[in-house]
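Q:
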Amino acid sequence: MNLQLSWVPGANRPDGDFPLNNLPCGVFSRAGEEPRCGMAIGDFVLDVAALEEEGLLVLDGGPLLDVPFWNEVMEVGPAVWAALRARVAEFLNEGSQFRAQVEPHLVPLADVALHMPLLVSEYTDFYAGRNHAQNVGTMFRGAENALPPNWLHIPIGYNGRASSVVVSGTPVRRPWGQVKGPDHAVPAFQPSRRFDIELELGAVVGQASTHGHPVTVDEAEAMIFGYVLLNDWSARDIQAWEYQPLGPFQAKATATSISPWIVMSAALEPFRTSTPAREVPLLPYLHEPRPMLYDIALEVALTPEGGRETVISRTNYAEMYYSAPQQLAHHTTSGCAMTVGDLLGSGTISGAAKDARGSLLELSWGGKEPFAIDGGTRSFIEDNDTLTLRGHAQGKGYRIGFGACRGQVLPALADPYARGK
Ligand code: CA
């Protein structure tokens with residue numbers, strides 16, 4: 006697949022996130038106006054809601070874009086997703102006969118605020134990165150017991166909270182919680198001192214499944230509308246005390262940030278790649294009929310307040326042991342129904358190399374090996390640090406980018422139970 010040329014400024018730049026091949030879905034607003042659906046192209050967002058209002062963009066089952074989220078488009082299914090991409094490509098391709106009609110509906114990205122691109126109905130977080138599971142398991146339980154006995158057989162996960170999913174740019178307040186150090190007899194309630202990120206990809210489920218009816222891996226793939234970058238903020242000190250035997254709870258409930266653009270699965274099609282070799286055979290219901298991961302370069306950057314950005318990790322989505330369709334299929338084995346707007350976190354994406362680890366816990370090896378940033382070192386996040394995730398699939402002369410997923414960590418409240426004025 007080559008770059009599809011567009012007449013929109015910035016769309017044909019080889020290092021831009023938003024060529025015509027991409028067309029990711031977001032929700033934007035101009036100052037003083039209500040949020041509305043748009044698609045990113047070059048240095049602009051295309052006001053697709055306006056094009057639908059004018060009757061230029063007609064979608065089966067429409068109107069679908071008269072609400073400030075993409076769930077209604079997702080709900081009508083893959084045939085409409087494909088029709089939308091094809092029609093918008095007609096508007097924006099070089100030499101398009103629609104240019105005069107469409108051009109007034111381009112808004113500079115620099116002039117808009119971006120909002121949650123979907124209503125997240127439910128949120129599940131998995132633990133599907135082999136290197137991450139090995140690293141964290143080693144720190145929490147020792148190298149001998151690092152990988153739980155189920156790990157190579159089941160894409161393990163836990164049910165998270167849709168209410169705590171926020172869009173890039175939303176500040177994240179350092180949480181308080183219950184912690185207990187190995188040298189203490191009883192726990193204390195205090196601000197987290199080991200607040201962290203998790204570099205993940207989020208799969209956005211665009212089609213529901215029926216309660217009581219498991220789906221196959223093949224069916225699961227067709228249900229996925231697209232992907233976002235996802236930062237699953239994690240309080241490691243709270244996690245270490247609370248996680249046994251039911252897994253993370255408050256340690257992961259402060260916030261989960263997502264990038265503002267949903268990159269549709271169709272845009273990632275040229276970048277398919279296989280999951281790594283199986284260390285033990287999977288049960289038949291988890292077999293993939295074709296490669297279902299994507300080659301997506303990922304990075305994490307840390308910027309101290311008033312300081313300069315340092316890229317602290319570079320890795321790739323292809324590191325995952327389980328793909329999103331495998332996770333989604335497994336999620337329905339119990340008969341659990343999936344809904345439009347379900348969000349599945351991949352699990353932390355760490356490579357084998359030290360500088361390819363997707364969390365500060367791993368980068369600093371539990372705080373024992375602080376790593377360098379511009380002007381200092383870090384073990385865990387300090388107050389007012391900004392963490393930024395970026396990702397793109399690299400094509401020939403173009404890239405499919407996700408836009409940034411950014412969040413600044415604000416200091417903990419002085420007293421979370423203070424009431425009154
Ligand atoms: Ca996670």
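The sequence shown stops at residue 426 when you use this note's numbering, and every number in between is there.
Every residue, glycine too, gets a C-beta built ideally from N, C-alpha and C.
Along the chain, where does the beta strand (DSSP E) containing ALA196 start, and where does it finish?
A: In the sequence shown, counting from the first residue as 1, residue 196 sits at position 191. Note on identity: in this sequence residue 196 is Pro, with Ala being the wrong assignment. Segment 193-196, the beta strand (DSSP E) holding PRO196.
Q: Suppose the cutoff is 6 angstroms on Cβ atoms and the five residues either side in sequence are ignored; what does the same chain contact list for ARG135 look like?
A: On the sequence shown, position 130 is the one that residue 135 refers to. If we look at ARG135 and ignore the five residues flanking it on each side, its Cβ neighbours are TYR326.
Q: Please name the residue, chosen from GLY31, GLY47 and ARG241, that lies closest to ALA54 on a Cα-to-Cα basis.
A: In the sequence shown, the residue the question calls residue 54 occupies position 49. Cα-wise, what sits closest to ALA54 is GLY31.
Q: Reducing DSSP to helix, strand and coil, say where ALA148 ends up.
A: Position 143 of the sequence shown, counted from the first residue, corresponds to residue 148. In the structure shown, ALA148 sits in a helix (DSSP, three-state: H, G or I).
Q: I believe GLN244 touches LEU291 by the beta-carbon criterion, under 8 angstroms. Please report the beta-carbon distance rounded to the nearest angstrom.
A: Within the sequence shown, the letter at position 239 stands for residue 244. Within the sequence shown, the letter at position 286 stands for residue 291. With 8 angstroms as the limit, GLN244 and LEU291 do not qualify as a contact, their Cβ atoms being about 27 angstroms apart.
Q: Taking only the alpha-carbon atoms, compute the straight-line gap between GLY372 and SER384 and give it to the nearest angstrom.
A: Reading the sequence shown from its first residue, position 367 is the one you call residue 372. Reading the sequence shown from its first residue, position 379 is the one you call residue 384. Each residue's Cα considered, the two are about 5 angstroms apart.
Q: Assuming ASN76 is part of the alpha helix (DSSP H), what are its boundary residues?
A: Numbered from 1 along the sequence shown, position 71 holds the residue referred to as residue 76. For ASN76, the enclosing alpha helix (DSSP H) covers residues 76-81.
Q: Mind checking TYR422: buried by the 16 CB within 10 Å criterion, or exposed?
A: As a position in the sequence shown, residue 422 is number 417, starting the count at 1. TYR422 comes out exposed.
Q: Quick one: using the 10 Å Cβ neighbour count with 16 as the cut-off for buried, is ARG179 buried or exposed?
A: Against the sequence shown, residue 179 aligns to sequence position 174. So ARG179 counts as buried.
Q: Between which two residues does the beta strand (DSSP E) harbouring LEU1 extend?
A: Because the chain is modelled from 6 through 426, residue 1 falls outside the range shown and cannot be assessed.
Q: Along the alpha helix (DSSP H) that carries LEU222, what are the first and last residues, could you check?
A: As a position in the sequence shown, residue 222 is number 217, starting the count at 1. Looking at the sequence itself, residue 222 is Val, so the reference to Leu does not match. Counting along the chain, the unbroken alpha helix (DSSP H) around VAL222 starts and ends at 222-228.
Q: Within the continuous alpha helix (DSSP H) that includes GLN106, where are the two ends?
A: The residue given as residue 106 occupies position 101 in the sequence shown. Element bounds for GLN106: 104-107.
Q: Could you name the residues, in chain order, whose CB is less than 5 angstroms away from a heavy atom belonging to ligand 1?
A: ASP130, GLU203 and ASP237
Q: Look up SER34 in the DSSP assignment and say whether it is helix, strand or coil.
A: Your numbering for residue 34 matches position 29 in the sequence shown. Strand.
Q: Counting pairs of Cβ atoms below 8 angstroms between the stretch 211-225 and the stretch 162-170, do you hit three or more?
A: no
Q: Please report the Cβ distance between ASP242 and VAL184, rounded to the nearest whole angstrom; I am assuming they are in contact, meaning their Cβ atoms lie under 8 angstroms.
A: As a first step, residue 242 is located in the sequence shown; it is residue number 237 there, counting from the start. As a first step, residue 184 is located in the sequence shown; it is residue number 179 there, counting from the start. The pair is a contact, with the Cβ atoms about 4 angstroms apart (cut-off 8 angstroms).
Q: Are the stretch 186-201 and the stretch 292-310 touching by the rule of at least three beta carbon pairs closer than 8 angstroms?
A: no
Q: Are the Cβ atoms of PHE74 and GLY47 separated by less than 8 angstroms?
A: In the sequence shown, residue 74 corresponds to position 69, counting from 1. In the sequence shown, residue 47 corresponds to position 42, counting from 1. Contact annotation: PHE74 and GLY47 have beta-carbon atoms that are not nearer than 8 angstroms.
Q: On the three-state DSSP scale, how would you describe GLN183?
A: The residue labelled residue 183 in the question sits at position 178 within the sequence shown. Looking at GLN183 - three-state DSSP - the assignment turns out to be strand.
Q: Give me the Cβ distance between LEU288 and LEU394, rounded to the nearest whole Å; I'm assuming they're in contact under 8 angstroms.
A: On the sequence shown, position 283 is the one that residue 288 refers to. On the sequence shown, position 389 is the one that residue 394 refers to. In fact, because the Cβ distance is near 33 angstroms, the residues do not count as touching under 8 angstroms.
Q: If I'm right that GLY412 touches VAL177 with Cβ under 8 angstroms, what's the distance once you round it to whole angstroms?
A: Taking the first residue of the sequence shown as position 1, residue 412 is located at position 407. Taking the first residue of the sequence shown as position 1, residue 177 is located at position 172. Right, their Cβ atoms sit about 5 angstroms apart.
Q: So, using beta-carbon positions, are LEU8 and ASN26 closer together than 8 angstroms?
A: Taking the sequence shown and counting its residues from 1, one reaches residue 8 at position 3. Taking the sequence shown and counting its residues from 1, one reaches residue 26 at position 21. Yes, Cβ-Cβ distance for LEU8 and ASN26 is below 8 angstroms.
Q: Just the C-alpha distance for GLY396 and SER279, rounded to the nearest angstrom, thanks.
A: In the sequence shown, residue 396 corresponds to position 391, counting from 1. In the sequence shown, residue 279 corresponds to position 274, counting from 1. Approximately 19 angstroms, taken between the alpha carbons.
Q: Is the beta carbon of ALA342 sitting closer than 8 angstroms to the one on HIS137?
A: Looking up residue 342 in the sequence shown gives position 337. Looking up residue 137 in the sequence shown gives position 132. No; because the gap between Cβ atoms is not below 8 angstroms, this pair is not in contact.
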